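S.K.: Below: one structure in structure tokens.
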Amino acid sequence: MDNSLYEEESAGITLDPVMMGYLRIAAKWGKFLAIVGFVMIGLIVLFGVFFGTIMGSAMGGAMGAAMPGGEMMGGALATFMTVLYLLFAVLYFFPVLYLYRFSDKMQVGLRVQSPDVVLESFRNLKSLFKFMGVLTIVILGFYALALVFGVFAASMASMN
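Just so it is clear: in the sequence shown, position 122 is 121 by numbering that gives the first Met the number 0, and no numbers are missing.
In structure tokens:
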């Protein structure tokens, strides 16, 4: 897309005090949500590490007693769960970071009346929405694949 088109269109837009007030409130709430998001990411990482450790020892002992090679399966399951939680934490990190950057830069930009800082804030908001949009498309794709495989598996099961 041509960025000059956006610059020409936005050249006549100015923020009145009411608009700035709404942006200031949105930035405060965004910063609060981002901080809560960072705390949740930390909890997800801790839970993933401890869950994997506890699950590995519990499942390894239970599965090892039930079948030969079960201890390795329990350890593999624990490792898989830990990696899965860490992957979710990494995936959750980027939108939270973009939200925090948007909020922080918007607060600073409005306080010092700097169009460049406000512009950088909106760049982070754009990145947040772009990331969430791509993530939504990917998740919808996984849902579609799961539906196709589910229908295929059901049709194969009904043939037997």
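The beta-carbon is built from N, C-alpha and C at its ideal position, and this holds for glycine as well.
Please read these numbers as outputs of a predicted model, since none were measured by experiment.
Give a yes or no on whether the C-beta atoms belonging to Ala33 and Ser102 are separated by under 9 Å.
M.R.: Contact flag set, yes.
S.K.: Use the C-beta contact count for Thr81: other C-beta atoms within 10 angstroms, 16 or more gives buried, fewer gives exposed.
M.R.: Counting Cβ neighbours within 10 Å, Thr81 comes out buried, since at least 16 surround it.
S.K.: Within 10 angstroms of its Cβ, does Ala77 collect 16 or more other Cβ (buried), or is it exposed?
M.R.: Ala77 should be labelled buried.
S.K.: How would you call Gly41, buried or exposed, if buried means at least 16 neighbouring beta carbons within 10 angstroms?
M.R.: Its Cβ having fewer than 16 others within 10 Å, Gly41 is exposed.
S.K.: By how many angstroms is the C-alpha of Val38 removed from the C-alpha of Thr135?
M.R.: Their Cα atoms are separated by approximately 23 Å.
S.K.: Starting from Ser157, follow the alpha helix (DSSP H) in both directions and report where the run begins and ends.
M.R.: Pro114 to Met158 is the span of the alpha helix (DSSP H), which, as asked, contains Ser157.
S.K.: Please determine, among Ser154, Gly108, Val150 and Gly29, the residue with the shortest C-alpha to C-alpha distance to Leu127.
M.R.: The residue with the shortest Cα to Cα distance from Leu127 is Gly29.
S.K.: Can you look up Ile24 in the DSSP assignment and give me helix, strand or coil?
M.R.: Correct three-state label for Ile24: helix.
S.K.: With a threshold of 16 other CB atoms inside 10 Å of the CB of Asp115, please say whether the residue is buried or exposed.
M.R.: The residue is exposed, with fewer than 16 neighbouring Cβ atoms inside 10 Å.
S.K.: Is the separation between the beta-carbon of Ser120 and that of Met131 shorter than 9 Å?
M.R.: Not a contact, by the Cβ cut-off of 9 Å.
S.K.: DSSP on Asp15, reduced to helix/strand/coil?
M.R.: Here Asp15 sits in coil by DSSP.
S.K.: Just to confirm my understanding: we take Val117, look at its own chain, exclude 5 residues before and 5 after, and list those with CB closer than 6 Å. What are they?
M.R.: Excluding sequence neighbours, Val117 sits near Gly108.
S.K.: Can you list, in chain order, the residues of its chain with a C-beta nearer than 7 Å to that of Val95? Leave out the 5 residues immediately preceding and following it.
M.R.: Taken in chain order, the residues that qualify are Ala33, Gly36, Phe37 and Ile40.
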